[in-house]
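The block underneath contains the structure these notes are about, expressed in structure tokens.
Protein chains in written order, with the working numbering: chain A, 1 to 516; chain B, 1 to 286.
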């Protein structure tokens with residue numbers, strides 16, 4: 001037991017003692033701040049038609065718990081996914097494989113460590129929600145239980161489920177991180193849209209939010225006396241604050257069966273973990289995943305010949321960046337599995353034949369999101385593959401290498417969007433076409449800056465996922481590729497942001513090179 | 001071609017130094033850097049390679065301050081880091097072409113040169129296969145090839161023989177000797193045999209400081225007449241080690257042959273011919 005706790009503690013500390021985690025916490029604080037809009041904000045997070053709850057303890061406690069359950073589950077997967085891969089990359093896995101620890105105990109320790117990371121963030125959000133109650137104090141009394149109850153009953157089992165899911169994906173999908181990301185994206189979508197039709201079905205809602213929103217809807221329906229749809233919206237919805245009316249939400253008395261169902265979700269998760277432990281590779285990666293695909297190359301004669309240095313052909317100086325762009329582009333294209341290109345080609349065909357608005361608003365963001373792993377490694381691959389000794393000692397790494405990386409990233413974005421660009425150009429509709437190009441530049445610049453700031457891929461991957469999710473829910477605030485806007489002024493706005501991102505990237509890399 | 005390192009320090013925090021007040025000069029030839037792990041060899045090489053900047057001091061190449069103008073060094077540098085990686089999805093041709101582009105070299109003969117290096121390093125038959133599938137020794141050879149791409153005038157090898165088999169090590173040492181005919185070669189290792197056969201000069205480092213520098217002969221002379229072998233009982237070894245600088249021990253049944261340094265010898269001792277390894281161990285242990 002002591003050893004087990006030591007493993008969990010070490011894993012937790014290793015993951016939280018990083019600059020990237022600090023940034024994640026800061027971003028969580030900012031996001032938590034937005035969960036409860038200020039009384040004069042022009043957006044809402046949870047709203048039932050024209051109705052919003054009074055800012056009493058129940059409303060703030062439950063709304064923030066609901067938003068945490070949904071959004072932390074959404075980004076949490078990307079945040080904690082990869083813990084087994086880290087053990088593979090650091091070769092610690094091979095040491096672990098030789099110890100007494102059972103497969104289940106190892107996977108369980110990874111789950112608990114995932115869970116602790118997520119709970120740490122949830123705790124920060126929880127504290128923020130209490131602070132917001134006092135900040136927006138409307139004269140209501142502070143009731144701590146209205147904060148603790150929803151967090152304990154709703155959030156804990158959601159986050160535990162996500163912690164297990166991250167481990168399960170790693171066990172069954174091994175090194176296929178891109179496939180893991182995509183599958184989770186669709187699985188989450190399916191779980192989120194699940195609508196219980198009667199009270200028993202609330203037990204099947206893994207995020208545990210539907211029972212609360214149902215109660216909110218019922219309360220509003222009582223006030224309005226209307227039985228039709230209440231107009232519940234969850235998420236960051238802009239500009240729907242006119243005619244806002246308020247109602248009193250007093251929380252919910254969770255039925256005992258619902259509490260049992262929440263505990264059952266934890267039990268089901270553990271059961272799934274037990275099944276997964278039977279299939280866990282226990283770090284025999286080569287046997288399980290690679291041998292069939294990549295055979296180690298052997299040479300007929302293993303040693304090097306003698307090199308006569310004096311006869312080496314002479315080369316000349318050449319500071320062209322075209323060869324760099326070519327290789328960077330090649331690296332982007334070859335990143336990940338080949339089957340991903342089948343999806344890409346499918347997406348490009350969909351860009352040709354789906355109605356142009358759907359192609360722009362739905363297909364393009366999904367197609368670009370499929371490249372998340374490629375763009376996130378654009379400026380981080382040097383550290384991932386340990387080639388930074390070569391690249392940072394290259395000739396003019398800032399002016400040549402960084403530029404070529406950015407250009408190759410943009411080329412990939414444009415290449416994928418070509419069918420849609422052609423459709424717009426053939427219609428002489430140039431604003432959306434330019435918006436798409438600017439969108440490509442934006443997402444690449446964003447990947448470059450976040451990669452440099454965190455020296456890792458995770459933050460960009462999480463944020464890109466959130467942005468794409470918001471795009472698919474047609475939230476205009478994150479419309480970086482002009483899917484919902486076709487005005488020149490909007491283009492200018494994107495241009496300013498892109499210029500800012502690129503300038504900051506240049507400054508950050510310059511500082512990085514100077515600080516070495 | 002002349003490299004001057006003047007009072008260079010690398011400070012990590014107010015009391016921790018990776019390298020402290022280090023100075024040396026080298027013209028054409030091979031300088032072997034010897035030192036235990038953590039001596040600061042890689043830190044020094046990284047600073048010469050312009051990957052890392054000194055906290056104090058200057059590094060001059062042909063009187064040009066390479067801290068202020070790193071590109072002057074980069075244009076003529078060949079560097080093989082201790083622990084480098086490769087892009088596994090590229091093949092050897094693509095990787096070396098990329099390295100050439102990073103170094104700012106091209107021209108009509110570039111492909112010919114890459115072929116020549118791959119042939120010389122016996123990688124030509126696998127040159128079109130992804131490097132990710134190469135063995136450790138083959139990756140090391142790719143590293144050597146990239147270091148030679150730009151006709152370097154200053155070549156830095158940080159623990160270059162790791163992963164090479166004994167025959168390859170010999171060939172690699174020959175290659176370094178040949179390179180040194182018209183460039184500066186700095187070779188770091190904690191394996192004395194990698195250095196003693198080829199280095200014109202040797203610098204011994206410990207805990208970020210230069211302990212001694214000179215030709216092999218001058219360094220070996222510091223222990224000349226002080227190296228002995230003595231046979232002692234097993235149980236006496238701890239007591240012996242506390243009072244002498246022990247260089248090596250060989251177990252033989254219940255006795256131990258101890259190679260040690262002493263001004264006068266100990267018990268029944270046999271004087272030995274001093275080697276660079278003796279001098280190195282003496283310098284770093286005393």
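From the three backbone atoms N, C-alpha and C, an ideal C-beta is built for every residue, glycine too.
Boundaries of the beta strand (DSSP E) harbouring residue 212 (chain B): 209-215, taken from the DSSP string.
With contacts defined by Cβ atoms closer than 8 Å, residue 23 (chain A) and residue 459 (chain A) form a contacting pair.
The beta carbon of residue 42 (chain B) is closer than 6 Å to those of 82 and 158 in its chain, skipping five residues each way along the sequence. One finds 390 in chain A with Cβ atoms closer than 7 Å to the Cβ of residue 99 (chain B), taken in chain order. Residue 445 (chain A) places its beta carbon 8 Å or farther from that of residue 363 (chain A). Taking residue 105 (chain A) as reference, the option from A:126, A:280 and A:195 with the minimal CA-CA separation is A:280. The Cβ-Cβ distance between residue 266 (chain A) and residue 112 (chain A) does not fall below 8 Å. With a beta-carbon spacing of about 12 Å, residue 319 (chain A) and residue 107 (chain B) fall beyond the 8 Å limit used to define contacts. In the structure shown, residue 197 (chain B) adopts coil according to DSSP, grouped into three states.
Taking C-beta atoms as the reference points, residue 30 (chain B) and residue 180 (chain B) count as a pair closer than 8 Å. Under the criterion of beta carbons closer than 8 Å, residue 389 (chain A) and residue 84 (chain B) qualify as touching, at roughly 5 Å. Under the rule that a run must span 3 or more residues, the beta strand (DSSP E) segments found entirely inside the stretch 58-98 of chain B read 77-80. At a Cβ-Cβ threshold of 8 Å, residue 408 (chain A) and residue 325 (chain A) count as neighbours.
Chain A places a beta carbon closer than 8 Å to that of residue 74 (chain B), counting this residue as a contact. For residue 94 (chain B), the chain A residues whose C-beta falls within less than 7 Å of its own C-beta are 327 and 330, listed in chain order.
Bridge pairing for residue 6 (chain B): B:58 [DSSP]. Look at residue 102 (chain B): its C-beta is under 8 Å from a C-beta on chain A. For residue 460 (chain A), no beta strand (DSSP E) segment is defined; the enclosing uninterrupted segment is the alpha helix (DSSP H) at 458-472.
Against chain A, a Cβ distance below 7 Å from residue 50 (chain B) picks out 393.
The three-state reading of DSSP puts residue 273 (chain B) in coil, since its state is none of H, G, I, E or B. Between the alpha carbons of residue 233 (chain B) and residue 8 (chain B) lies a distance of about 47 Å. DSSP, read as helix, strand or coil, puts residue 512 (chain A) in helix. Within the stretch 203-221 of chain B, no residue has its Cβ closer than 7 Å to any Cβ of chain A. Residue 89 (chain B) belongs to the set of residues whose beta carbon lies under 8 Å from a beta carbon in chain A. By alpha-carbon distance to residue 227 (chain A), the top candidate from A:234, A:217 and A:410 is A:217.
The count of Cβ pairs closer than 8 Å, one atom from the stretch 117-133 of chain B and one from the stretch 144-155 of chain B, reaches three, so the stretches are in contact. Counting C-beta atoms within 10 angstroms of its own C-beta, residue 1 (chain A) has fewer than 16 neighbours from the protein chains shown and is therefore classed as exposed. Nearest CB-CB separation between residue 380 (chain A) and chain B: not below the 8 Å threshold. DSSP, reduced to helix, strand and coil, places residue 377 (chain A) outside both helices and strands of the structure shown, so it counts as coil. In this structure, A:61 is the residue among A:413, A:61, A:276 and A:80 with its C-alpha nearest to the C-alpha of residue 209 (chain A).
Per the C-alpha coordinates, the member of A:379, A:260 and A:183 positioned closest to residue 74 (chain A) is A:183. Just so you know, the alpha carbons of residue 137 (chain A) and residue 221 (chain A) end up roughly 26 Å apart. For residue 374 (chain A), not one C-beta of chain B is nearer than 8 Å to its own C-beta.
The alpha-carbon of residue 97 (chain B) is positioned some 8 Å away from that of residue 111 (chain B). Excluding the 5 residues flanking it on each side, residue 361 (chain A) has same chain C-beta neighbours closer than 6 Å at 483, in chain order.
According to the DSSP secondary-structure assignment, residue 11 (chain B) is paired through a beta bridge with B:17.
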